[in-house]
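**Q**
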Amino acid sequence: MQGLDELLKTNAVYDKLLRVLNSKGSIPHAFLLYGSDEAALTALAELTAKSIMCGCGACNTCLKVDKKVHTDVMYYPKGDKAFLVEDALEVTDSMYTLPYEGGKKVYILNFGANANQQSQNKLLKSLEEPARDVVFIITSTNIASVLATIKSRTTKFAVAAFERNALKKFVTVNFASTNAELISEVSGGKVTNAIKYATDSGFEARLKLVFGLLTELTHSSKMIGYLEQLNKEKSRFGEVLELFSAVVGGAINSPSSKGWMSSDSEDRRGSQTESLQNIHPATPWHPSNLEGNYRAQYSSILSAFGLLGLSQLVKLTTEVQERIVRNSNFNATLDYFLLKILEVRFNANFSSIG
Ligand SMILES: [Zn+2]
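Numbering of the sequence shown is given in the numbering used here, commencing with residue 13 and proceeding in unit increments.
(1) Report the option in Ala-55, Ile-64, Gly-47 and Leu-19 whose CA atom is closest to the CA atom of Arg-31.
(2) With a threshold of 8 Å, are at least 3 pairs of Cβ atoms found where one atom belongs to the region 230-241 and the other to the region 201-212?
(3) Take Asp-49 and list the residues in its own chain whose beta-carbon comes closer than 7 Å to its own, dropping the five residues that flank it on each side.
(4) With distances taken between CB atoms, is the gap from Ala-57 to Leu-139 smaller than 7 Å?
(5) Between Ala-143 and Asp-347, what straight-line distance do the alpha-carbon atoms span, to the nearest angstrom?
(6) Can Ser-4 and Val-97 be called in contact, C-beta distance under 7 Å?
(7) Specify whether the region 13-30 and the region 116-136 touch according to this definition: at least 3 beta carbon pairs, one from each stretch, less than 8 Å apart.
(8) Measure the Cβ-Cβ separation of Pro-111 and Asp-84 and say whether it is below 7 Å.
(9) Which residue wins for smallest C-alpha separation from Lys-76, given the options Lys-90, Pro-89, Leu-59 and Tyr-88?
(10) Once DSSP output is grouped into helix, strand and coil, what is the label at Lys-117?
(11) Using DSSP with H/G/I as helix, E/B as strand and the rest coil, what is Asn-243?
(12) Compute the Euclidean distance between the alpha carbons of Ala-360 and Phe-215, then round it to the nearest angstrom.
(13) Should the region 184-195 be regarded as contacting the region 14-24, the criterion being three or more beta carbon pairs within less than 8 Å?
(14) Does DSSP classify Thr-167 as helix, strand or coil?
(15) Quick one: Cα of Phe-317 to Cα of Ala-51, how far?
(16) Tell me the rounded alpha-carbon separation between Ala-156 and Leu-325.
(17) Quick one: using the 10 Å Cβ neighbour count with 16 as the cut-off for buried, is Ser-196 buried or exposed?
(18) So if DSSP puts Phe-148 in a beta bridge, which residue, or which two residues, is it bridged to?
(19) Secondary structure at Met-107, three-state DSSP: helix, strand or coil?
(20) Comparing C-alpha positions only, which one of Ile-207, Glu-251 and Ile-162 sits nearest to Ser-152?
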């Protein structure tokens with residue numbers, strides 16, 4: 013993907029990796045890259061493999077690594093499967109054959125969110141007694157699922173969130189999206205989300221729905237319309253919640269919120285909420301101008317719910333996500349979700365009037 017290497021270079025983890033890869037001594041035989049951003053982990057693992065093989069970025073070797081056709085760079089598991097015992101066994105068995113093209117042999121092992129213990133234990137021996145010239149690059153989206161015995165035999169690198177501007181540039185370069193700013197805003201610093209949103213034809217509609225829940229759901233009489241819309245998104249309700257949480261987070265971190273937080277007394281907060289409402293009247297929704305007016309939307313969301321209310325909405329999102337995971341009745345969960353939003357909004361208005 014165009015500009016992905018450029019984007020990775022803006023992450024603090026890149027400099028750390030570079031220092032290790034360029035150090036005078038021999039490079040570690042096992043890397044563990046971890047974080048919740050799967051696309052970034054995969055890309056970083058490939059960039060690391062390329063650096064180990066050569067790193068110039070222009071030669072035949074580098075191009076082969078880029079195209080995933082280098083015979084000495086191997087990927088496990090194959091396809092979309094989880095990392096299984098047979099993968100670990102194949103790694104152990106093939107480890108001792110010499111590199112085809114000379115130089116190093118690199119195994120990129122994607123543990124995903126939950127590689128099972130048995131397969132990790134099978135791999136352990138290879139990490140303890142690695143063959144000469146073999147380098148392991150393990151990626152994990154859930155460091156808690158990686159065995160301590162594996163962790164202790166690897167050099168660990170955490171992938172931090174990406175800067176919003178760097179993500180925006182990446183989205184602009186790669187996708188014909190008119191929402192680069194907005195996508196970078198709601199992606200939570202994750203390349204995975206930025207790619208998902210930029211390639212999702214339903215993104216704008218879902219986002220409009222989320223902004224609607226936070227700006228237009230002001231009375232229980234409006235619930236029925238939103239229940240219908242959310243029901244249509246049933247199969248992708250997880251993504252609706254993810255966006256909801258991102259927009260609430262955006263409102264909490266919006267510039268007007270920072271000014272508000274810096275005030276010291278409760279009374280002052282109350283009066284500032286009112287003045288915020290005066291400065292930022294509720295902005296009418298223009299779907300065609302999503303990109304332009306979301307900051308104004310943040311302001312009206314902030315003044316409607318207040319910081320306390322927004323923090324309650326963050327908790328509500330987690331709670332609803334848990335209900336979905338537990339397979340609770342979907343319609344009852346939707347009812348609960350909308351009623352809670354109304355309740356939080358009502359309480360925020362009540363306390364700012366009183
Ligand atoms: Zn090269």
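Glycine included, each C-beta is placed from N, C-alpha and C at the ideal position.
**A** Judging by the given coordinates:
(1) Along the sequence shown, read from residue 1 onward, the residue named residue 31 stands at position 19. Ranked by Cα distance from Arg-31, the first of Ala-55, Ile-64, Gly-47 and Leu-19 is Ile-64.
(2) They do not touch, by the three-pair rule.
(3) Here residue 49 corresponds to residue number 37 of the sequence shown, with the count starting at 1. Within its own chain, the residues whose Cβ lies closer than 7 Å to the Cβ of Asp-49, once the five positions on either side in sequence are excluded, are Val-171, Lys-202, Val-203 and Thr-204, listed in chain order.
(4) The residue given as residue 57 occupies position 45 in the sequence shown. The residue given as residue 139 occupies position 127 in the sequence shown. Going by beta carbons, Ala-57 and Leu-139 fall outside the 7 Å limit.
(5) Position 131 of the sequence shown holds residue 143. Position 335 of the sequence shown holds residue 347. Roughly 58 Å between the two C-alpha positions.
(6) Residue 4 lies beyond the stretch modelled for the chain, which goes from 13 to 366, so this question has no answer here.
(7) These segments do not touch.
(8) Numbered from its first residue, the sequence shown carries residue 111 at position 99. Numbered from its first residue, the sequence shown carries residue 84 at position 72. Using a Cβ distance threshold of 7 Å, Pro-111 and Asp-84 count as a contacting pair.
(9) If you number the sequence shown from 1, residue 76 lands on position 64. Between Lys-76 and the set Lys-90, Pro-89, Leu-59 and Tyr-88, the nearest pair of CA atoms involves Leu-59.
(10) To locate residue 117, count along the sequence shown from 1; it is residue 105. Three-state result, Lys-117: strand.
(11) By one-based count along the sequence shown, residue 243 stands at place 231. Helix, per DSSP.
(12) Mapped onto the sequence shown, residue 360 falls at position 348. Mapped onto the sequence shown, residue 215 falls at position 203. Each residue's CA atom was taken as its position, placing Ala-360 and Phe-215 some 29 Å apart.
(13) With the rule of 3 Cβ pairs closer than 8 Å, the region 184-195 counts as touching the region 14-24.
(14) The residue you call residue 167 lines up with position 155 of the sequence shown. Thr-167: strand per DSSP, three-state reduction.
(15) Within the sequence shown, numbered from 1, the residue matching residue 317 stands at position 305. Within the sequence shown, numbered from 1, the residue matching residue 51 stands at position 39. Phe-317 and Ala-51 have their C-alpha atoms some 34 Å from each other.
(16) Within the sequence shown, numbered from 1, the residue matching residue 156 stands at position 144. Within the sequence shown, numbered from 1, the residue matching residue 325 stands at position 313. Each residue's Cα considered, the two are about 27 Å apart.
(17) Locating residue 196 in the sequence shown gives position 184, where the first residue counts as 1. Burial call: buried.
(18) Taking the first residue of the sequence shown as 1, we reach residue 148 at position 136. Note: Phe-148 sits in a beta bridge opposite Ala-42 and Tyr-119.
(19) As a first step, residue 107 must be located in the sequence shown, where it is residue number 95. The three-state reading of DSSP puts Met-107 in coil, since its state is none of H, G, I, E or B.
(20) As a working note, residue 152 is residue 140 in the sequence shown. The residue with the shortest Cα to Cα distance from Ser-152 is Ile-162.
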